[in-house]
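Each remark here refers to the structure printed beneath this line.
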């Protein structure tokens with residue numbers, strides 16, 4: 339029997355075994371998922387190959403190897419064709435072209451930052467149209483860093499706590515279409531919203547240990563949490579719906595051009611696809 343889920347005004351059909359991998363080559367410690375404008379699905383792993391690229395019907399198109407990158411936490415695709423990977427335990431952002439060649443490295447794996455100084459086990463990165471980076475930092479820090487396109491620090495905000503502009507685990511970051519900076523504050527059960535100078539604007543609640551955040555082309559926000567669910571929000575923070583992710587922890591989420599939702603499930607090492615029904 340076909341599983342059908344509802345999220346907001348749309349319904350989705352669940353598809354679990356859509357990825358086609360060579361025999362004896364399973365997904366291994368997946369961490370994140372994203373999609374490009376060509377409909378390709380990128381899957382980040384904390385193993386080698388660290389990146390797998392699939393067509394939207396599950397055919398394996400490419401795989402990238404780098405022995406120095408073993409703890410990719412999240413990543414973002416930019417409009418100009420870069421792939422920005424957060425290498426958490428090496429305290430750096432590694433930027434690739436769409437062929438898997440390194441273009442730029444920001445951070446020094448031998449010199450993790452002190453409290454409030456980039457980077458100390460960073461978690462996520464978002465890139466503006468002007469090429470500026472916003473980094474959530476993360477497991478060893480309690481900060482968000484704003485850097486220019488060369489990786490030079492412009493501003494830092496955040497400190498330990500539960501108040502406005504304070505974090506416990508800033509686990510993901512997104513610069514949305516309104517140029518706001520949305521920070522997943524995992525252990526405080528919220529997403530905090532700032533302008534690009536770090537001034538607090540508000541927050542999104544109705545979450546339990548949120549993990550990852552994604553904005554679709556229409557400006558709707560998708561947040562995975564450890565209920566485990568994916569929740570849909572209007573850009574103003576209004577909760578529009580949620581459904582179960584069918585796993586233990588939906589660590590990553592993305593939405594393709596067709597409106598299909600992909601969840602990167604940890605521990606089960608599975609990319610679950612929710613196909614939007616017309």
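Residue numbers (the numbering used here): 339 to 616.
Backbone N, C-alpha and C fix where the C-beta goes; we use that ideal spot for every residue, glycine too.
Predicted, not measured: the structure shown is a model, and the values here were computed from it.
*How long is the line joining the alpha carbons of residue 455 and residue 522, rounded to whole angstroms?*
Distance from the CA atom of residue 455 to the CA atom of residue 522, rounded to whole angstroms, is 19 Å.
*Would the beta-carbon of residue 374 fall within 8 Å of that of residue 388?*
No, the pair does not count as a contact, with Cβ atoms beyond the cut-off.
*For residue 400, the nearest candidate out of 369, 422, 471 and 436 (CA to CA)*: Among 369, 422, 471 and 436, the Cα nearest to that of residue 400 belongs to 436.
*Which ranges does the beta strand (DSSP E) cover as unbroken runs of at least 3 residues, wholly within the region 437-477, from first to last along the chain?*
Complete beta strand (DSSP E) runs here, min 3: 440-444, 460-465 and 471-475.
*Helix or strand or just coil, what does DSSP make of residue 541?*
In the three-state reduction of the DSSP assignment, residue 541 falls in the strand class.
*May I ask you to report which of helix, strand or coil DSSP gives residue 525?*
If DSSP states are grouped into helix, strand and coil, residue 525 belongs with the helices.
*residue 509 beta carbon less than 8 Å from that of residue 494*: Going by C-beta atoms, residue 494 is not nearer than 8 Å to residue 509.
*Nearest CA to the CA of residue 413: which residue from 511, 542 and 532?*
Ranked by Cα distance from residue 413, the options 511, 542 and 532 are led by 511.
*asked:* Quick check on the DSSP output: the beta strand (DSSP E) that includes residue 498 runs from which residue to which?
replied: According to the DSSP assignment, residue 498 belongs to no beta strand (DSSP E), since it is labelled neither H nor E.
*Starting from residue 584, follow its DSSP beta bridges and name the residues at the other end.*
Answer is none; residue 584 lacks a bridge partner.
*Which whole-angstrom value describes the C-beta separation of residue 345 and residue 570, a residue pair presumed to lie in contact below a C-beta threshold of 8 Å?*
Correct: roughly 5 Å between the Cβ atoms.
*Endpoints, beta strand (DSSP E) assigned at residue 418*: Counting along the chain, residue 418 falls outside any beta strand (DSSP E), and DSSP gives it neither H nor E.
_CB-CB length for residue 431 against residue 440, believed under 8 Å_ = Incorrect: roughly 11 Å between the Cβ atoms, too far for contact.
*With a CB to CB cut of under 7 Å and the five nearest residues on each side skipped, what residues in its chain are close to residue 593?*
Excluding five sequence positions before and after residue 593, the CB atoms of its chain that fall closer than 7 Å to its own CB belong to 552, 554, 560 and 599, given in chain order.
*In chain order, what residues of the same chain have a beta carbon less than 6 Å from the beta carbon of residue 544, not counting five sequence neighbours either side?*
Take residue 544, set aside five residues on each side of it, and the residues of its chain with a beta-carbon closer than 6 Å to its own are 577, in chain order.
*Per DSSP, what kind of secondary structure is residue 375 in: helix, strand or coil?*
Three-state result, residue 375: coil.
_Residue closest to residue 537, alpha-carbon to alpha-carbon, out of 501, 465 and 417_ = Closest by alpha carbon: 501.
_Once DSSP output is grouped into helix, strand and coil, what is the label at residue 427?_
DSSP, reduced to helix, strand and coil, places residue 427 within a helical segment of the structure shown.
*Contact check, residue 350 vs residue 615 under 8 Å by CB: the rounded distance?*
Taking 8 Å as the upper bound for CB-CB distance, residue 350 and residue 615 are in contact here, some 6 Å apart.
*Taking only the alpha-carbon atoms, compute the straight-line gap between residue 340 and residue 354 and give it to the nearest angstrom.*
Roughly 11 Å between the two C-alpha positions.
*The beta strand (DSSP E) with residue 550 in it runs from where to where?*
Its beta strand (DSSP E) spans residues 548-553.
_Cβ-based burial, residue 397 [other Cβ within 10 Å; buried from 16]_ = Classification for residue 397: exposed.
*To which residues does DSSP link residue 535 through a beta bridge?*
Its beta-bridge partners do not exist; DSSP assigns none.
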